[in-house]
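Chemist:
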Amino acid sequence: MATTVLAASESPPSPVPARRFDAPVHPGARLLFLLLAVAGLAYAGVSIVVDTQQVGEQLAVGVFLFLGLALLIALGFEFVNGFHDTANAVATVIYTNSLPANLAVIWSGFFNFLGVLLSSGAVAYSIITLLPVDLILNVGSGAGFAMIFALLLAAIIWNLATWYVGLPNSSSHTLIGSVLGVGLANQLLTSGAGGTAGVDWSQATKVLTGLWMAPLIGFTAAALLLLVLRRVARSPELMRAPEGDAPPPLGIRALLVFTCTAVSFSHGSNDGQKGMGLIMLILIGCAPTAYALNRTLPASETHAFLASATGANATLTRHGAAAIPLERARPLLKDALEQRRAVSPQAYGAVVTVSHDLAQRVAGYGALSNVPAQAAPNVRNDMYLVLDATRMIVADKTSRLSEREKDSLADYQKRLERGTRFIPLWVKVAVALALGLGTMIGWKRIVVTVGEKIGKQHMTYGMGASAELVAAGTILAADRFGLPVSTTHILSSGIAGASVASGQGLQRRTLLQLAAAWLLTLPVAMALSGALFCLLRALVRTAGLS
1446 MATTVLAASE SPPSPVPARR FDAPVHPGAR LLFLLLAVAG LAYAGVSIVV DTQQVGEQLA
1506 VGVFLFLGLA LLIALGFEFV NGFHDTANAV ATVIYTNSLP ANLAVIWSGF FNFLGVLLSS
1566 GAVAYSIITL LPVDLILNVG SGAGFAMIFA LLLAAIIWNL ATWYVGLPNS SSHTLIGSVL
1626 GVGLANQLLT SGAGGTAGVD WSQATKVLTG LWMAPLIGFT AAALLLLVLR RVARSPELMR
1686 APEGDAPPPL GIRALLVFTC TAVSFSHGSN DGQKGMGLIM LILIGCAPTA YALNRTLPAS
1746 ETHAFLASAT GANATLTRHG AAAIPLERAR PLLKDALEQR RAVSPQAYGA VVTVSHDLAQ
1806 RVAGYGALSN VPAQAAPNVR NDMYLVLDAT RMIVADKTSR LSEREKDSLA DYQKRLERGT
1866 RFIPLWVKVA VALALGLGTM IGWKRIVVTV GEKIGKQHMT YGMGASAELV AAGTILAADR
1926 FGLPVSTTHI LSSGIAGASV ASGQGLQRRT LLQLAAAWLL TLPVAMALSG ALFCLLRALV
1986 RTAGLS
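Residue numbers for the sequence shown follow the working numbering, beginning at 1446 and rising by one.
#1: Which of helix, strand or coil does DSSP assign to ALA1599?
#2: For ALA1976, which option in GLY1720, ASP1827, ARG1825 and LEU1633 has the closest C-alpha, if you only look at C-alpha atoms?
#3: Where does VAL1491 land, buried or exposed, given buried means 16+ other C-beta within 10 angstroms?
#4: Would you identify the three-state DSSP class for PRO1681, choosing helix, strand or coil?
#5: How close, in whole Å, do the beta carbons of THR1865 and VAL1807 come, if the pair is a contact with beta carbons under 8 Å?
#6: Verify whether the separation of the beta carbon atoms of LEU1580 and ASN1826 is less than 9 Å.
#7: By the three-class DSSP mapping on this structure, what secondary structure does PHE1750 have?
#8: For SER1974 and ARG1953, I'd like the C-alpha separation in whole angstroms.
#9: Going by beta carbon distance, what residues of the same chain come within less than 6 Å of ASP1496, once the five residues before and after it are set aside?
#10: If you check the beta carbons only, do GLY1717 and VAL1876 fall under 9 Å apart?
#11: Spatial neighbours of ARG1386 within its chain, please: CB distance less than 8 Å, with the 5 preceding and 5 following residues excluded, ordered by chain position.
#12: Consult DSSP for GLU1772 and reduce its assignment to one of helix, strand or coil.
#13: Since ALA1834 and ALA1766 should fall inside the 8 Å C-beta cutoff, what is the C-beta to C-beta distance between them, to a whole number of angstroms?
#14: Counting C-beta neighbours from all protein chains within 10 Å, is the total for ARG1740 16 or more, i.e. buried, or is it exposed?
#15: Between the C-alpha atoms of LEU1854 and LYS1842, what's the straight-line distance to the nearest angstrom?
#16: Please classify LYS1719: does DSSP put it in a helix, a strand, or coil?
#17: What residue ranges within the region 1491–1569 form continuous alpha helix (DSSP H) runs of no fewer than 4 residues, ordered along the chain?
#18: Counting only the same chain and skipping the five closest in sequence on each side, list residues whose C-beta sits under 6 Å from that of LYS1719.
#19: What is the DSSP secondary structure of ARG1836, reduced to helix, strand or coil?
#20: Whole-angstrom Cβ separation of ALA1667 and GLY1939, contact assumed at under 8 Å?
#21: In this structure, how does DSSP classify LEU1921 when only helix, strand and coil are distinguished?
#22: Look at GLU1850 and ARG1763 and say whether their C-beta atoms are less than 9 Å apart.
#23: Would DSSP call ILE1992 helix, strand or coil?
#24: Tell me the rounded alpha-carbon separation between GLY1560 and ARG1676.
#25: Are there 16 or more other CB atoms within 10 angstroms of the CB of SER1616, so buried, or fewer, so exposed?
#26: Return the residue from the list GLU1688, ASP1802 and SER1844 that minimises the CA-CA distance to THR1760.
#27: With distances taken between CB atoms, is the gap from ILE1551 to ALA1599 smaller than 9 Å?
#28: Whose C-alpha, out of ALA1910, ASP1802, MET1837 and PRO1822, is nearest the C-alpha of ALA1781?
#29: For VAL1584, which residues from the same chain have a beta carbon less than 7 Å from its beta carbon, with the 5 sequence-adjacent residues on both sides left out?
#30: How many Å lie between VAL1839 and ILE1724 at the Cα?
#31: Could you spell out where the alpha helix (DSSP H) holding GLN1632 opens and where it closes?
#32: Compute the distance between the beta-carbons of GLU1682 and TYR1488, then report whether it is under 9 Å.
#33: Going by C-alpha to C-alpha distance, which of PHE1926, ALA1910, ASP1924 and VAL1969 sits closest to ALA1941?
#34: Should SER1745 be labelled buried (16 or more other beta-carbon atoms within 10 Å of its own) or exposed?
#35: Considering only their Cβ atoms, is the gap separating LEU1957 from ALA1821 smaller than 9 Å?
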């Protein structure tokens, strides 16, 4: 089990009987697990073949095998995420005897699956916006693939390391650290690079704010909620610890199963999207004709897109957009994004020129679904450049745009996003299976830490319910605003807060180790991914693939 050692002066709660963790798994369950894994991989492979054939894109055998390897690593990250993070959701129902361990992890895995399938996709692209712009625009290059492999491998290595010692580390924290490490390494390796070669620190600050606030939210909200439950519910049973193997009263049991379900669903809806965004980058790099543009948009959307582009261009022209020739517009626009200075007549003019050319091409094709194979990457890149530039203009307080003009640009941004930021159903299904199946493997180490080694006494029903209600509510709210948050941070700190509110006290040694993991994750993940990126990029250049 976990290697965490308790101080001699601390009295750990009575552990859950070993038989609860060591109950044999039915051979039929093992077979079903294997069949689901194979079926998911086969479904992904067939979907890629169908998608590329429908647009007339023929993948060479080598490219297809490379794509398969990249997808396996990306799905491997979600699988590890499942058994690392989702153990937090099942710890409370296991330690309060609400559900048997094997049933709890299957139940949690199923609702993780549903959470991924029903997710919005907004979080997926909030992670991608942290990546260097030049690598995203050239994701099909050797450097682009070095980026993807480096950040995924770094995240998997650190997740497995913290899982091995039983620490509830955050997969979100790890992945974001890996992304930042790649961005910094790319900027160091790119001579004369500007901001677009490295990290978008404005977006990074927004994402990191959610991560450092998560433990505070979990601790404070769970403590307050437990105090409210104690005053409002006035149920002595709710504040009692389980006795032996006896299940809680029916109402309390239903409450705890509900909170476990809510955390599992919300975890899937938020964490599952991180893998989706990375898989889309892989697909765009290997099969741009099929995945660079959202070819499922109906032709009827084209007229609205053109009208929105015209309105946005008119807005920037009114604010002094300079006349910029097309051959200079794209380099000038990239430079404006590099310097994070999109509010100027030249930058406005570059946006208008690229946007006007983009609108003409889309009008000529009639719909995104008609964009020919050779033109798809360029159309996507132009849409991406205009999208980022207009977003930067709207956010800049010196732009002097009226609310109506901001709305016009925001409408254009939404239509650009629809054309470039989409997630096929099969990607959601593959990620959902990886996360759901991962939930059913390797959960014991983290469950023991959460259930036994945070509070000094056994978890009560009210403590478990408070921590999980706070975690589920916070994650769903973050999902609504497209922010990645940490299930682990919120729930483990929620249990700590509930322990304090119940008067139990905390195990200092475990809290110090959790804090160390929280503080180390970002720099370690950054160092790992940065080193891997440098190594892989050197190998790519040696092989002549950059």
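Note that CB positions come from ideal geometry on N, CA and C, so glycine has one too.
Modeler: Considering the structure as presented:
#1: In the three-state scheme derived from DSSP, where H, G and I count as helix and E and B as strand, ALA1599 is classed as helix.
#2: Nearest in C-alpha terms to ALA1976, of all of GLY1720, ASP1827, ARG1825 and LEU1633, is LEU1633.
#3: Label assigned to VAL1491: exposed.
#4: Looking at PRO1681 - three-state DSSP - the assignment turns out to be helix.
#5: THR1865 to VAL1807, Cβ: 12 Å. No contact.
#6: No.
#7: In this structure, PHE1750 counts as helix in the three-state DSSP scheme.
#8: Looking at the two C-alpha atoms, the distance is approximately 31 Å.
#9: Short of 6 Å from the beta carbon of ASP1496, and not among the five residues preceding or following it, lie these beta carbons of its own chain, in chain order: ALA1735.
#10: Yes, they are a contact pair.
#11: Only positions 1446 to 1991 of the chain appear in the structure, and residue 1386 is not among them; the question remains open.
#12: Here GLU1772 carries a helix assignment [DSSP, helix/strand/coil].
#13: Separation of the CB atoms of ALA1834 and ALA1766 is rounded to 12 Å, and the pair is thereby denied contact status at 8 Å.
#14: It is buried - the Cβ of ARG1740 has at least 16 other Cβ atoms within 10 Å.
#15: When rounded, the distance between both Cα atoms is 15 Å.
#16: Looking at LYS1719 - three-state DSSP - the assignment turns out to be helix.
#17: Here the runs fully enclosed are 1506–1530, 1532–1540 and 1546–1562.
#18: Contacts found: ILE1572 and LEU1620.
#19: The answer is helix: DSSP assigns ARG1836 an H, G or I state.
#20: With 8 Å as the limit, ALA1667 and GLY1939 qualify as a contact, their Cβ atoms being about 4 Å apart.
#21: If DSSP states are grouped into helix, strand and coil, LEU1921 belongs with the helices.
#22: Yes, these two residues count as a Cβ contact at 9 Å.
#23: Residue 1992 is absent from the model: the chain starts at 1446 and stops at 1991.
#24: Straight-line measurement puts the Cα of ARG1676 at about 33 Å from the Cα of GLY1560.
#25: Buried is the call here.
#26: Ranking GLU1688, ASP1802 and SER1844 by Cα distance to THR1760 puts SER1844 first.
#27: For ILE1551 and ALA1599, no; Cβs fall outside 9 Å.
#28: For the residues ALA1910, ASP1802, MET1837 and PRO1822, the minimum Cα distance to ALA1781 belongs to MET1837.
#29: Non-local beta-carbon contacts of VAL1584 in its own chain, meaning distances under 7 Å to residues more than five positions away in sequence, involve LEU1726, ILE1729 and GLY1730 in chain order.
#30: Taking the straight line from one Cα to the other gives about 29 Å.
#31: Counting along the chain, the alpha helix (DSSP H) containing GLN1632 begins and ends at 1616–1634.
#32: Cβ distance not < 9 Å, so GLU1682 and TYR1488 don't count as in contact.
#33: Relative to ALA1941, the option among PHE1926, ALA1910, ASP1924 and VAL1969 whose CA is nearest is ALA1910.
#34: Exposed.
#35: No, Cβ-Cβ distance for ALA1821 and LEU1957 is not below 9 Å.
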